[in-house]
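In case it helps, our numbering puts the sequence shown at residues 1 to 315. What follows is a set of notes on a single structure, which appears directly below.
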Amino acid sequence: MKNRDVSLTLEGLIAAQLRVAVCHPLQPVLAAKQRSVEAGIGGEERVAEVFRKHPFSADHHIFHDLSPAWREQFQMDSFVLTPWFGTVLEVKNIGGVLEFKDNPPQLIRTREDGHQDGYESPVVQLERNRELINDWLWSRNIDIPIFGAIVLAYPKQIVAIPPKDTKILFPRLIPSFLKSIPQHGNKLDHETFNWISAELLKSHQPFIPKPICESYGIPFGDFRTGGRCEACGGFGMIKLPRTWCCPQCGAVDHLVHQRTIREWFLIFKRQITNRECREFLGVDDIHTATRLLQSMNMDFDGTYKNRTYHLFKRD
Ligand SMILES: [Zn+2]
Numbered sequence: 001m002k003n004r005d006v007s008l009t010l011e012g013l014i015a016a017q018l019r020v021a022v023c024h025p026l027q028p029v030l031a032a033k034q035r036s037v038e039a040g041i042g043g044e045e046r047v048a049e050v051f052r053k054h055p056f057s058a059d060h061h062i063f064h065d066l067s068p069a070w071r072e073q074f075q076m077d078s079f080v081l082t083p084w085f086g087t088v089l090e091v092k093n094i095g096g097v098l099e100f101k102d103n104p105p106q107l108i109r110t111r112e113d114g115h116q117d118g119y120e121s122p123v124v125q126l127e128r129n130r131e132l133i134n135d136w137l138w139s140r141n142i143d144i145p146i147f148g149a150i151v152l153a154y155p156k157q158i159v160a161i162p163p164k165d166t167k168i169l170f171p172r173l174i175p176s177f178l179k180s181i182p183q184h185g186n187k188l189d190h191e192t193f194n195w196i197s198a199e200l201l202k203s204h205q206p207f208i209p210k211p212i213c214e215s216y217g218i219p220f221g222d223f224r225t226g227g228r229c230e231a232c233g234g235f236g237m238i239k240l241p242r243t244w245c246c247p248q249c250g251a252v253d254h255l256v257h258q259r260t261i262r263e264w265f266l267i268f269k270r271q272i273t274n275r276e277c278r279e280f281l282g283v284d285d286i287h288t289a290t291r292l293l294q295s296m297n298m299d300f301d302g303t304y305k306n307r308t309y310h311l312f313k314r315d
């Protein structure tokens, strides 16, 4: 029913690293965060792959990376809905030897060199998600049991102490786990099942990360401005009628402004003014900037003169 969304977090991290100096003190922090986001995506992809390859019946509706709108924000890595039950899968990719402690709930990871790290317990996250999706379904008069499991995406994850009451799975064990869940009790009729699945999709709110500047406390002035040339990687594409040209290598690209304005939202702020657009793109003419901004079909606030544009959903 739903694949995972494109990760704006990853896109922002990559764009930010290209725009700050190679020797910037926060480069290693951004790079480390990028690796961890990529590992997370890789783990969720491994789980999605199992669902793609395994022949599930039409009675299984599978949603990856689902955040239904609700009183509290929540996100499920994978959610499986059948007419009899729902199952939340929480995907983890923390490598090493893992100990799930119950009191207090905590996950402890021991690396090969003996170094230990503590994490919030995935059991707590899973239970919270189960409760919230249960309430969300209840609010629409759907009463089916909600199960859950923690999926360890990579085999290098060794469980020394499993959690007491929570199932731990590797991806290939997911199909047999789902088959082992008893199908009795209230069954949703065909129409209700399809309706609630559509409701879930409709209710999904894609995750919009905070701009990089805000998350990492990096001053605006530390970033290169201008459009980036895809051919040579240089900055400062020059506006020509109907296109852009790279002053370093001469490549032309008529869509540079779209990528560059998108990067503005990921790196600097949730909104942009005409002046900010001109400064960032290196365009002098106010009308050219207006045309470029309007070509992206963004929402906007304010009257003509002090209009601000938004690419992503508002706060
Ligand atoms: Zn170039």
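C-beta: ideal position from N, C-alpha, C; glycine also.
{"Query": "Residue 309: buried (16+ other C-beta within 10 angstroms of its C-beta) or exposed?", "Result": "buried"}
{"Query": "So, for residue 178: in the same chain, excluding its five sequence neighbours on each side, which residues have a beta-carbon less than 7 Å away from its beta-carbon?", "Result": "80 and 87"}
{"Query": "Rounded to the nearest angstrom, how far is the Cβ of residue 34 from that of residue 98, given a contact under 8 Å?", "Result": "Incorrect: roughly 24 Å between the Cβ atoms, too far for contact."}
{"Query": "Note down the Cα distance separating residue 151 from residue 246, rounded to an integer number of angstroms.", "Result": "47 Å"}
{"Query": "Buried or exposed: residue 144, going by 16 or more other Cβ atoms within 10 Å of its Cβ?", "Result": "buried"}
{"Query": "Here's the rule: buried if 16 or more other CB atoms are within 10 angstroms of the residue's CB, otherwise exposed. What is residue 228?", "Result": "buried"}
{"Query": "Tell me the DSSP bridge mates of residue 99?", "Result": "108 and 161"}
{"Query": "Give a yes or no on whether the C-beta atoms belonging to residue 2 and residue 240 are separated by under 9 Å.", "Result": "no"}
{"Query": "Quick check on residue 296: buried or exposed, where buried means 16 or more other Cβ atoms within 10 Å of its Cβ?", "Result": "exposed"}
{"Query": "Out of 128, 186, 101 and 148, point me to the one whose CA is closest to residue 180's CA.", "Result": "148"}
{"Query": "Can the beta-carbon of residue 268 be found closer than 9 Å to that of residue 67?", "Result": "no"}
{"Query": "Classify residue 220 as buried or exposed, calling it buried when 16 or more other Cβ atoms lie within 10 Å of its own Cβ.", "Result": "exposed"}
{"Query": "Since residue 310 is in the beta strand (DSSP E), which residue starts that stretch and which ends it?", "Result": "308-310"}
{"Query": "Suppose you measure from the CA of residue 315 to the CA of residue 224; what does that come to, to the nearest Å?", "Result": "Reliability of the predicted coordinates at residue 315 is poor, the pLDDT of 46 falling under 50, and the value obtained from them is presented with this limitation in mind. Near 27 Å, if we compare the C-alpha coordinates of residue 224 and residue 315."}
{"Query": "Go ahead and label residue 104 buried or exposed: buried means 16 or more other beta carbons lie within 10 angstroms of its beta carbon, across all protein chains shown.", "Result": "exposed"}
{"Query": "For residue 118 and residue 173, I'd like the C-alpha separation in whole angstroms.", "Result": "26 Å"}
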